[in-house]
Amino acid sequence: MSALNFLDREHSVAPPGYSRWLIPPAALAIHLCIGQVYATSVYKIALVEHFDTSLTAVGYIFSVAIVVLGVSAALFGTWVDRVGPRRTMFTAACCWGAGFLVAALGIQLGQLWIVYLGYGVLGGIGLGLGYISPVSTLIKWFPDRPGLATGMAIMGFGGGAMVASPLSQELLVAFGGSEFGGDAVMKLFVTLGIVYFAFMMFGVFTVRVPAPGWAPAGYDPEAATQKKMVTRAHVSAANSIRTPQFWLVWIVLFCNVTAGIGILENAQPMLRDFFRDATTGDSAVAAGTAAGFVGLLSLGNMGGRFVWSSVSDYIGRKMTYLMYLGGGMLLFFGVSAIGSSSTAVFVALMFLIISFYGGGFATVPAYLRDLFGTFQVGAIHGRLLTAWSAAGVAGPLIINAILDAQGKEPGALLAGDYRSPILIMVAILAVGFVANLLIKPVAERFHEPEDVVEAAGTAR
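First residue of the sequence shown: 6, per the working numbering; consecutive thereafter.
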(Lines of atoms letter the chains of each structure in order from A and count residues from 1; the text may use other names and numbers.)
(Lines give C-alpha, C1' and ligand atoms only; values in the text may rest on other atoms or scores of the structure.)
Protein backbone atom coordinates (compact mmCIF):
# COMPACT_ATOMS: atom_id res chain seq x y z
CA MET A 1 0.00 0.00 0.00
CA SER A 2 1.31 3.43 -0.91
CA ALA A 3 2.50 5.53 2.00
CA LEU A 4 0.19 8.29 0.81
CA ASN A 5 -2.99 6.19 0.66
CA PHE A 6 -4.13 7.76 3.91
CA LEU A 7 -4.78 10.91 1.87
CA ASP A 8 -7.58 9.22 -0.11
CA ARG A 9 -11.13 10.33 0.57
CA GLU A 10 -12.33 6.86 1.54
CA HIS A 11 -9.69 6.71 4.28
CA SER A 12 -10.90 9.96 5.85
CA VAL A 13 -14.62 9.12 6.32
CA ALA A 14 -15.58 9.66 9.95
CA PRO A 15 -16.61 6.54 11.92
CA PRO A 16 -19.99 6.37 13.72
CA GLY A 17 -20.11 8.60 16.79
CA TYR A 18 -17.35 10.91 15.56
CA SER A 19 -17.75 14.44 16.97
CA ARG A 20 -18.06 17.15 14.35
CA TRP A 21 -16.47 19.61 16.82
CA LEU A 22 -13.11 17.99 16.11
CA ILE A 23 -13.19 19.40 12.56
CA PRO A 24 -12.86 23.15 13.34
CA PRO A 25 -9.35 22.73 14.85
CA ALA A 26 -8.23 20.98 11.65
CA ALA A 27 -9.62 23.84 9.59
CA LEU A 28 -7.99 26.43 11.84
CA ALA A 29 -4.60 24.72 11.47
CA ILE A 30 -4.74 25.44 7.74
CA HIS A 31 -6.30 28.89 7.80
CA LEU A 32 -4.09 30.28 10.58
CA CYS A 33 -1.08 29.48 8.39
CA ILE A 34 -2.30 30.77 5.03
CA GLY A 35 -3.70 33.87 6.75
CA GLN A 36 -0.09 35.11 6.88
CA VAL A 37 -0.79 36.67 3.48
CA TYR A 38 -2.40 39.58 5.36
CA ALA A 39 0.88 40.35 7.17
CA THR A 40 2.81 41.35 4.03
CA SER A 41 2.74 45.03 5.03
CA VAL A 42 5.18 44.26 7.89
CA TYR A 43 8.12 43.84 5.50
CA LYS A 44 6.81 45.81 2.52
CA ILE A 45 9.09 48.84 2.93
CA ALA A 46 12.14 46.60 3.45
CA LEU A 47 11.47 44.92 0.10
CA VAL A 48 10.94 48.27 -1.63
CA GLU A 49 14.41 49.32 -0.47
CA HIS A 50 16.01 45.91 -1.11
CA PHE A 51 14.82 45.74 -4.72
CA ASP A 52 15.07 49.53 -5.21
CA THR A 53 11.57 49.64 -6.65
CA SER A 54 8.11 51.14 -5.98
CA LEU A 55 5.31 50.34 -3.56
CA THR A 56 3.23 49.23 -6.52
CA ALA A 57 5.87 46.74 -7.73
CA VAL A 58 6.22 45.16 -4.29
CA GLY A 59 2.45 45.23 -3.85
CA TYR A 60 2.21 42.93 -6.86
CA ILE A 61 3.63 40.11 -4.70
CA PHE A 62 0.41 40.16 -2.69
CA SER A 63 -1.76 40.73 -5.75
CA VAL A 64 -0.27 37.80 -7.68
CA ALA A 65 -0.85 35.51 -4.70
CA ILE A 66 -4.51 36.56 -4.45
CA VAL A 67 -5.04 36.23 -8.21
CA VAL A 68 -3.60 32.72 -8.21
CA LEU A 69 -5.66 31.91 -5.10
CA GLY A 70 -8.87 32.62 -7.00
CA VAL A 71 -7.77 30.96 -10.23
CA SER A 72 -6.57 27.78 -8.52
CA ALA A 73 -9.73 27.60 -6.37
CA ALA A 74 -11.85 27.93 -9.52
CA LEU A 75 -9.85 25.42 -11.57
CA PHE A 76 -9.49 22.77 -8.88
CA GLY A 77 -12.83 23.21 -7.08
CA THR A 78 -14.44 20.06 -8.50
CA TRP A 79 -11.17 18.15 -7.91
CA VAL A 80 -11.32 19.20 -4.26
CA ASP A 81 -14.88 17.85 -3.95
CA ARG A 82 -13.81 14.60 -5.64
CA VAL A 83 -10.59 13.75 -3.74
CA GLY A 84 -11.66 15.15 -0.38
CA PRO A 85 -10.12 17.59 2.09
CA ARG A 86 -7.16 15.51 3.29
CA ARG A 87 -5.36 15.23 -0.05
CA THR A 88 -6.22 18.83 -0.87
CA MET A 89 -4.89 20.14 2.42
CA PHE A 90 -1.67 18.14 2.00
CA THR A 91 -1.15 19.65 -1.45
CA ALA A 92 -1.85 23.10 -0.04
CA ALA A 93 0.76 22.62 2.71
CA CYS A 94 3.40 21.58 0.17
CA CYS A 95 2.71 24.56 -2.10
CA TRP A 96 2.47 27.13 0.69
CA GLY A 97 5.68 26.02 2.40
CA ALA A 98 7.62 25.70 -0.86
CA GLY A 99 6.38 29.13 -1.95
CA PHE A 100 8.18 30.78 0.96
CA LEU A 101 11.41 28.95 0.18
CA VAL A 102 11.35 29.93 -3.50
CA ALA A 103 10.56 33.54 -2.59
CA ALA A 104 13.48 33.54 -0.13
CA LEU A 105 15.74 32.45 -2.98
CA GLY A 106 14.44 35.36 -5.07
CA ILE A 107 15.27 37.83 -2.29
CA GLN A 108 18.75 36.34 -1.88
CA LEU A 109 19.41 36.62 -5.63
CA GLY A 110 17.86 40.08 -5.89
CA GLN A 111 15.31 38.85 -8.45
CA LEU A 112 11.81 40.15 -7.78
CA TRP A 113 10.27 37.92 -10.45
CA ILE A 114 11.34 34.85 -8.46
CA VAL A 115 9.47 36.25 -5.45
CA TYR A 116 6.40 36.64 -7.67
CA LEU A 117 6.84 33.03 -8.79
CA GLY A 118 7.40 31.63 -5.29
CA TYR A 119 5.12 33.53 -2.93
CA GLY A 120 2.75 34.64 -5.68
CA VAL A 121 2.24 31.62 -7.93
CA LEU A 122 3.29 28.58 -5.90
CA GLY A 123 2.15 30.07 -2.61
CA GLY A 124 -1.05 31.30 -4.28
CA ILE A 125 -1.94 27.73 -5.29
CA GLY A 126 -1.47 26.72 -1.66
CA LEU A 127 -3.71 29.60 -0.62
CA GLY A 128 -6.50 28.60 -3.01
CA LEU A 129 -6.53 24.91 -2.14
CA GLY A 130 -6.04 25.53 1.57
CA TYR A 131 -8.81 28.10 1.66
CA ILE A 132 -11.72 26.22 0.07
CA SER A 133 -11.16 22.68 1.33
CA PRO A 134 -11.85 23.19 5.07
CA VAL A 135 -14.77 25.51 4.27
CA SER A 136 -16.69 23.05 2.07
CA THR A 137 -16.02 20.29 4.61
CA LEU A 138 -17.38 22.30 7.53
CA ILE A 139 -20.54 23.21 5.61
CA LYS A 140 -21.25 19.47 5.29
CA TRP A 141 -20.64 18.93 9.02
CA PHE A 142 -22.82 21.89 10.08
CA PRO A 143 -25.90 22.01 7.83
CA ASP A 144 -27.86 23.49 10.72
CA ARG A 145 -25.48 26.44 11.25
CA PRO A 146 -23.61 27.13 7.98
CA GLY A 147 -22.74 30.69 8.97
CA LEU A 148 -21.22 29.55 12.25
CA ALA A 149 -19.34 26.76 10.45
CA THR A 150 -17.76 28.94 7.80
CA GLY A 151 -17.02 31.57 10.40
CA MET A 152 -15.07 29.06 12.48
CA ALA A 153 -12.89 28.12 9.53
CA ILE A 154 -12.36 31.49 7.94
CA MET A 155 -11.84 33.13 11.33
CA GLY A 156 -8.44 31.45 11.27
CA PHE A 157 -7.57 33.08 7.96
CA GLY A 158 -8.19 36.52 9.44
CA GLY A 159 -6.38 35.59 12.64
CA GLY A 160 -3.33 34.39 10.74
CA ALA A 161 -2.04 37.94 10.44
CA MET A 162 -2.66 38.56 14.15
CA VAL A 163 -0.07 35.86 14.80
CA ALA A 164 2.17 36.45 11.80
CA SER A 165 2.43 40.24 12.10
CA PRO A 166 4.03 40.51 15.57
CA LEU A 167 5.91 37.23 15.10
CA SER A 168 7.38 38.45 11.80
CA GLN A 169 8.28 41.79 13.37
CA GLU A 170 10.17 40.07 16.18
CA LEU A 171 11.94 37.65 13.84
CA LEU A 172 12.92 40.44 11.45
CA VAL A 173 14.51 42.40 14.30
CA ALA A 174 16.25 39.25 15.52
CA PHE A 175 17.58 38.52 12.03
CA GLY A 176 18.51 42.07 11.01
CA GLY A 177 18.18 44.54 13.90
CA SER A 178 15.82 47.50 14.15
CA GLU A 179 16.77 48.65 10.62
CA PHE A 180 16.20 45.24 9.03
CA GLY A 181 16.54 44.77 5.27
CA GLY A 182 16.10 42.18 2.55
CA ASP A 183 18.46 39.63 4.14
CA ALA A 184 16.29 39.54 7.27
CA VAL A 185 13.15 39.07 5.15
CA MET A 186 14.86 36.18 3.33
CA LYS A 187 15.61 34.43 6.63
CA LEU A 188 12.05 35.11 7.79
CA PHE A 189 10.63 33.42 4.68
CA VAL A 190 12.75 30.31 5.19
CA THR A 191 11.62 30.07 8.82
CA LEU A 192 7.94 30.57 8.00
CA GLY A 193 8.01 28.07 5.14
CA ILE A 194 9.24 25.28 7.42
CA VAL A 195 7.07 26.15 10.42
CA TYR A 196 3.86 26.59 8.44
CA PHE A 197 4.27 23.27 6.59
CA ALA A 198 4.67 21.40 9.88
CA PHE A 199 1.65 23.12 11.46
CA MET A 200 -0.59 22.52 8.44
CA MET A 201 0.15 18.81 8.63
CA PHE A 202 -1.78 18.71 11.90
CA GLY A 203 -4.88 19.64 9.92
CA VAL A 204 -4.09 17.03 7.26
CA PHE A 205 -3.92 14.20 9.79
CA THR A 206 -7.03 15.19 11.78
CA VAL A 207 -9.61 16.22 9.15
CA ARG A 208 -12.55 13.87 8.42
CA VAL A 209 -15.56 13.92 6.09
CA PRO A 210 -19.06 12.84 7.23
CA ALA A 211 -20.37 9.46 6.11
CA PRO A 212 -23.03 9.48 3.34
CA GLY A 213 -26.44 10.29 4.79
CA TRP A 214 -25.06 11.64 8.07
CA ALA A 215 -26.93 14.49 9.77
CA PRO A 216 -26.55 16.10 13.20
CA ALA A 217 -28.94 15.02 15.92
CA GLY A 218 -32.19 16.97 15.85
CA TYR A 219 -31.50 18.54 12.45
CA ASP A 220 -34.72 19.26 10.52
CA PRO A 221 -34.04 20.14 6.87
CA GLU A 222 -37.66 21.24 6.42
CA ALA A 223 -37.32 23.90 9.11
CA ALA A 224 -33.93 25.01 7.78
CA THR A 225 -35.32 25.74 4.31
CA GLN A 226 -38.47 27.63 5.26
CA LYS A 227 -36.69 30.96 4.85
CA LYS A 228 -37.25 32.65 1.51
CA MET A 229 -33.59 32.81 0.47
CA VAL A 230 -32.72 29.22 1.53
CA THR A 231 -33.28 26.44 -1.01
CA ARG A 232 -33.76 22.68 -0.60
CA ALA A 233 -32.70 22.16 -4.22
CA HIS A 234 -29.16 21.82 -5.57
CA VAL A 235 -27.33 23.54 -8.42
CA SER A 236 -24.16 22.16 -10.02
CA ALA A 237 -20.99 24.23 -10.34
CA ALA A 238 -21.41 24.25 -14.13
CA ASN A 239 -24.98 25.54 -13.90
CA SER A 240 -24.24 28.05 -11.15
CA ILE A 241 -22.24 30.33 -13.44
CA ARG A 242 -25.24 30.50 -15.79
CA THR A 243 -27.38 32.11 -13.09
CA PRO A 244 -27.58 35.87 -12.45
CA GLN A 245 -27.35 35.12 -8.73
CA PHE A 246 -23.77 33.84 -9.05
CA TRP A 247 -22.60 37.00 -10.80
CA LEU A 248 -24.45 39.29 -8.43
CA VAL A 249 -22.79 37.57 -5.46
CA TRP A 250 -19.50 37.83 -7.40
CA ILE A 251 -19.97 41.62 -7.63
CA VAL A 252 -20.93 41.83 -3.95
CA LEU A 253 -17.79 39.94 -2.88
CA PHE A 254 -15.57 41.89 -5.28
CA CYS A 255 -16.76 45.25 -3.95
CA ASN A 256 -16.55 44.26 -0.29
CA VAL A 257 -13.06 42.77 -0.74
CA THR A 258 -11.68 45.57 -2.92
CA ALA A 259 -12.51 48.15 -0.28
CA GLY A 260 -11.12 46.13 2.61
CA ILE A 261 -8.09 44.65 0.93
CA GLY A 262 -6.81 47.99 -0.33
CA ILE A 263 -6.70 49.19 3.28
CA LEU A 264 -5.45 45.96 4.85
CA GLU A 265 -2.62 45.38 2.37
CA ASN A 266 -1.34 48.88 3.25
CA ALA A 267 -2.22 48.61 6.92
CA GLN A 268 1.18 49.15 8.52
CA PRO A 269 2.43 52.09 6.40
CA MET A 270 -1.02 53.69 6.41
CA LEU A 271 -1.38 53.48 10.18
CA ARG A 272 2.18 54.73 10.59
CA ASP A 273 1.42 57.83 8.50
CA PHE A 274 -1.82 58.55 10.38
CA PHE A 275 -0.16 58.08 13.77
CA ARG A 276 2.83 60.20 12.77
CA ASP A 277 0.45 63.10 12.08
CA ALA A 278 -1.21 62.49 15.44
CA THR A 279 2.12 62.34 17.34
CA THR A 280 3.63 65.60 16.05
CA GLY A 281 5.72 63.91 13.38
CA ASP A 282 7.56 61.38 15.54
CA SER A 283 8.25 58.60 12.99
CA ALA A 284 9.76 56.18 15.49
CA VAL A 285 6.75 56.35 17.81
CA ALA A 286 4.37 56.13 14.85
CA ALA A 287 6.10 53.03 13.40
CA GLY A 288 5.99 51.18 16.71
CA THR A 289 2.35 52.12 17.31
CA ALA A 290 1.37 51.08 13.79
CA ALA A 291 2.96 47.65 14.17
CA GLY A 292 0.87 47.04 17.27
CA PHE A 293 -2.34 48.22 15.64
CA VAL A 294 -1.85 45.91 12.64
CA GLY A 295 -2.34 43.09 15.12
CA LEU A 296 -5.46 44.81 16.47
CA LEU A 297 -6.90 45.10 12.95
CA SER A 298 -6.17 41.41 12.49
CA LEU A 299 -8.24 40.75 15.60
CA GLY A 300 -11.08 42.70 13.97
CA ASN A 301 -10.61 40.71 10.77
CA MET A 302 -10.70 37.43 12.69
CA GLY A 303 -13.53 38.38 15.05
CA GLY A 304 -15.67 39.75 12.23
CA ARG A 305 -15.42 36.46 10.38
CA PHE A 306 -16.84 34.54 13.31
CA VAL A 307 -19.26 37.07 14.84
CA TRP A 308 -20.91 38.49 11.71
CA SER A 309 -21.18 35.14 9.92
CA SER A 310 -22.81 33.65 13.03
CA VAL A 311 -25.21 36.61 13.14
CA SER A 312 -26.13 35.86 9.51
CA ASP A 313 -27.68 32.54 10.63
CA TYR A 314 -30.35 34.62 12.39
CA ILE A 315 -30.86 37.74 10.25
CA GLY A 316 -30.15 36.13 6.86
CA ARG A 317 -27.26 36.46 4.46
CA LYS A 318 -28.76 39.22 2.30
CA MET A 319 -29.43 41.50 5.28
CA THR A 320 -25.94 40.83 6.60
CA TYR A 321 -24.35 42.03 3.36
CA LEU A 322 -26.50 45.14 3.39
CA MET A 323 -24.88 45.84 6.75
CA TYR A 324 -21.37 45.17 5.44
CA LEU A 325 -21.71 47.38 2.37
CA GLY A 326 -23.98 50.15 3.65
CA GLY A 327 -22.23 50.34 7.01
CA GLY A 328 -18.87 50.20 5.25
CA MET A 329 -19.69 53.30 3.21
CA LEU A 330 -20.49 55.26 6.36
CA LEU A 331 -17.30 54.05 8.07
CA PHE A 332 -15.08 55.00 5.14
CA PHE A 333 -16.68 58.44 5.07
CA GLY A 334 -15.82 58.72 8.76
CA VAL A 335 -12.16 57.82 8.18
CA SER A 336 -11.93 60.39 5.38
CA ALA A 337 -13.54 63.13 7.44
CA ILE A 338 -11.82 62.53 10.76
CA GLY A 339 -8.35 61.63 9.47
CA SER A 340 -5.70 61.93 12.14
CA SER A 341 -7.67 64.36 14.33
CA SER A 342 -8.76 61.58 16.71
CA THR A 343 -6.60 58.49 17.02
CA ALA A 344 -9.18 56.58 19.10
CA VAL A 345 -12.04 57.21 16.66
CA PHE A 346 -9.80 56.47 13.68
CA VAL A 347 -8.75 53.09 15.11
CA ALA A 348 -12.36 52.22 16.02
CA LEU A 349 -13.55 52.97 12.48
CA MET A 350 -10.72 50.98 10.94
CA PHE A 351 -11.47 48.06 13.28
CA LEU A 352 -15.12 47.95 12.17
CA ILE A 353 -14.20 48.30 8.48
CA ILE A 354 -11.88 45.33 8.69
CA SER A 355 -14.43 43.31 10.70
CA PHE A 356 -16.99 43.83 7.89
CA TYR A 357 -14.35 42.86 5.36
CA GLY A 358 -13.58 39.64 7.22
CA GLY A 359 -17.26 38.93 7.79
CA GLY A 360 -17.88 39.20 4.05
CA PHE A 361 -15.49 36.32 3.41
CA ALA A 362 -16.94 34.13 6.13
CA THR A 363 -20.57 34.71 5.16
CA VAL A 364 -20.28 34.13 1.41
CA PRO A 365 -19.96 30.29 1.54
CA ALA A 366 -23.19 30.15 3.57
CA TYR A 367 -24.80 32.56 1.08
CA LEU A 368 -23.83 30.16 -1.72
CA ARG A 369 -25.18 27.21 0.24
CA ASP A 370 -28.50 29.03 0.71
CA LEU A 371 -28.78 29.85 -3.00
CA PHE A 372 -27.27 26.73 -4.64
CA GLY A 373 -27.49 23.91 -2.05
CA THR A 374 -24.65 21.69 -0.86
CA PHE A 375 -24.20 19.47 -3.96
CA GLN A 376 -21.08 21.22 -5.31
CA VAL A 377 -20.86 24.21 -2.99
CA GLY A 378 -17.07 23.82 -2.65
CA ALA A 379 -16.57 24.07 -6.40
CA ILE A 380 -18.99 27.00 -6.64
CA HIS A 381 -17.14 28.73 -3.82
CA GLY A 382 -13.89 28.15 -5.67
CA ARG A 383 -15.23 29.80 -8.81
CA LEU A 384 -16.59 32.72 -6.84
CA LEU A 385 -13.15 33.38 -5.37
CA THR A 386 -12.09 34.77 -8.75
CA ALA A 387 -13.81 37.90 -7.37
CA TRP A 388 -11.16 37.88 -4.65
CA SER A 389 -8.48 37.57 -7.35
CA ALA A 390 -9.81 40.62 -9.17
CA ALA A 391 -10.15 42.55 -5.92
CA GLY A 392 -6.63 41.51 -4.91
CA VAL A 393 -5.38 43.43 -7.93
CA ALA A 394 -7.85 46.32 -7.88
CA GLY A 395 -7.71 47.22 -4.17
CA PRO A 396 -3.93 47.51 -3.69
CA LEU A 397 -3.48 48.95 -7.19
CA ILE A 398 -5.92 51.81 -6.51
CA ILE A 399 -4.25 52.65 -3.20
CA ASN A 400 -0.64 52.18 -4.32
CA ALA A 401 -1.00 53.94 -7.68
CA ILE A 402 -2.59 57.02 -6.11
CA LEU A 403 0.04 57.11 -3.34
CA ASP A 404 2.88 56.70 -5.85
CA ALA A 405 1.36 59.56 -7.88
CA GLN A 406 1.86 61.85 -4.87
CA GLY A 407 5.57 61.85 -5.79
CA LYS A 408 6.66 61.28 -2.20
CA GLU A 409 8.94 58.73 -0.60
CA PRO A 410 7.01 55.85 1.05
CA GLY A 411 7.89 57.17 4.52
CA ALA A 412 6.90 60.77 3.80
CA LEU A 413 3.17 60.35 3.10
CA LEU A 414 0.61 62.24 5.19
CA ALA A 415 -2.82 61.19 6.43
CA GLY A 416 -4.49 63.49 3.92
CA ASP A 417 -2.82 61.68 1.03
CA TYR A 418 -5.11 58.70 1.67
CA ARG A 419 -8.37 60.68 1.34
CA SER A 420 -8.86 60.21 -2.43
CA PRO A 421 -8.43 56.40 -2.50
CA ILE A 422 -10.68 56.07 0.56
CA LEU A 423 -13.50 57.95 -1.20
CA ILE A 424 -13.06 55.71 -4.25
CA MET A 425 -13.68 52.74 -1.95
CA VAL A 426 -16.99 54.30 -0.88
CA ALA A 427 -18.16 54.36 -4.51
CA ILE A 428 -17.11 50.72 -4.97
CA LEU A 429 -19.09 49.67 -1.88
CA ALA A 430 -22.15 51.47 -3.27
CA VAL A 431 -22.03 49.27 -6.39
CA GLY A 432 -21.95 46.14 -4.22
CA PHE A 433 -24.85 47.42 -2.13
CA VAL A 434 -27.06 47.69 -5.22
CA ALA A 435 -25.98 44.26 -6.52
CA ASN A 436 -26.93 42.64 -3.20
CA LEU A 437 -30.40 44.20 -3.34
CA LEU A 438 -30.99 42.48 -6.69
CA ILE A 439 -30.30 38.92 -5.44
CA LYS A 440 -33.31 36.57 -5.29
CA PRO A 441 -33.77 32.75 -5.21
CA VAL A 442 -32.38 30.72 -8.14
CA ALA A 443 -34.88 29.72 -10.83
CA GLU A 444 -36.00 26.08 -10.85
CA ARG A 445 -34.64 25.45 -14.37
CA PHE A 446 -31.10 25.51 -12.95
CA HIS A 447 -31.77 22.82 -10.30
CA GLU A 448 -30.18 19.38 -10.51
CA PRO A 449 -32.47 16.29 -10.57
CA GLU A 450 -32.74 14.62 -7.17
CA ASP A 451 -31.49 11.25 -8.47
CA VAL A 452 -28.27 12.85 -9.75
CA VAL A 453 -27.62 14.49 -6.39
CA GLU A 454 -28.37 11.28 -4.48
CA ALA A 455 -26.13 9.20 -6.75
CA ALA A 456 -23.26 11.63 -6.29
CA GLY A 457 -23.70 11.59 -2.53
CA THR A 458 -23.65 7.79 -2.45
CA ALA A 459 -20.51 7.69 -4.57
CA ARG A 460 -18.75 9.95 -2.11
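From the three backbone atoms N, C-alpha and C, an ideal C-beta is built for every residue, glycine too.
- DSSP lists Val214 as the bridge partner or partners of valine 18.
- Of the candidates Leu442, Phe338 and Ile35, Ile35 places its Cα closest to the Cα of leucine 134.
- Counting only residues of its own chain and dropping the five nearest sequence neighbours on each side, isoleucine 429 has a CB closer than 7 Å to the CB of Ile403.
- Segment contact: the stretch 107 to 125 against the stretch 159 to 175, fewer than three CB-CB distances shorter than 8 Å; contact not assigned.
- Using a Cβ-Cβ distance cut-off of 8 Å, the stretch 60 to 78 and the stretch 190 to 206 are not in contact, since fewer than three pairs of beta carbons, one from each stretch, lie closer than that value.
- The stretch 321 to 379 is shown to contain whole alpha helix (DSSP H) runs of 4 or more residues at 322 to 343 and 348 to 377, in chain order.
- Excluding the 5 residues flanking it on each side, glutamine 250 has same chain C-beta neighbours closer than 7 Å at Leu376, Ile444 and Val447, in chain order.
- Annotation for serine 17: Gly89, Arg91, Arg213 and Val214 place their beta carbon closer than 6 Å to its own, counting only its chain and skipping 5 residues before and after.
- In the three-state DSSP reduction, glutamine 381 falls in the coil class, being neither helix nor strand.
- When C-alpha distances from leucine 302 are compared across Val352, Arg322 and Met157, the shortest belongs to Val352.
- Listed in chain order, the alpha helix (DSSP H) elements of length 4 or more contained wholly in the stretch 224 to 268 are 226 to 229 and 242 to 245.
- Sequence-distant partners of serine 341 (beyond 5 residues in either direction) whose C-beta falls short of 7 Å from its own C-beta, in its chain, are Arg424, Ile427 and Leu428.
- Exclusion of the five residues before and after phenylalanine 56 leaves Leu117 as the residues of its chain whose Cβ lies within less than 6 Å of its Cβ.
- Separation of glycine 102 and phenylalanine 67 (C-alpha to C-alpha, rounded to the nearest whole angstrom) is 16 Å.
- Residue range 90 to 114 is occupied by the alpha helix (DSSP H) that includes glycine 104.
- Following the DSSP letters along the chain, one finds phenylalanine 185 in no alpha helix (DSSP H), marked with neither H nor E.
- Pairwise C-beta distances place the stretch 314 to 331 in contact with the stretch 356 to 373, as three or more of them are shorter than 8 Å.
- The straight-line gap separating the alpha-carbon atoms of glutamine 113 and isoleucine 130 is approximately 23 Å.
- Distance from glycine 163 to asparagine 306 at the Cβ level is roughly 4 Å; contact confirmed, criterion being Cβ atoms closer than 8 Å.
- Isoleucine 444 sits in coil when the DSSP states are folded into three classes, being neither helix nor strand.
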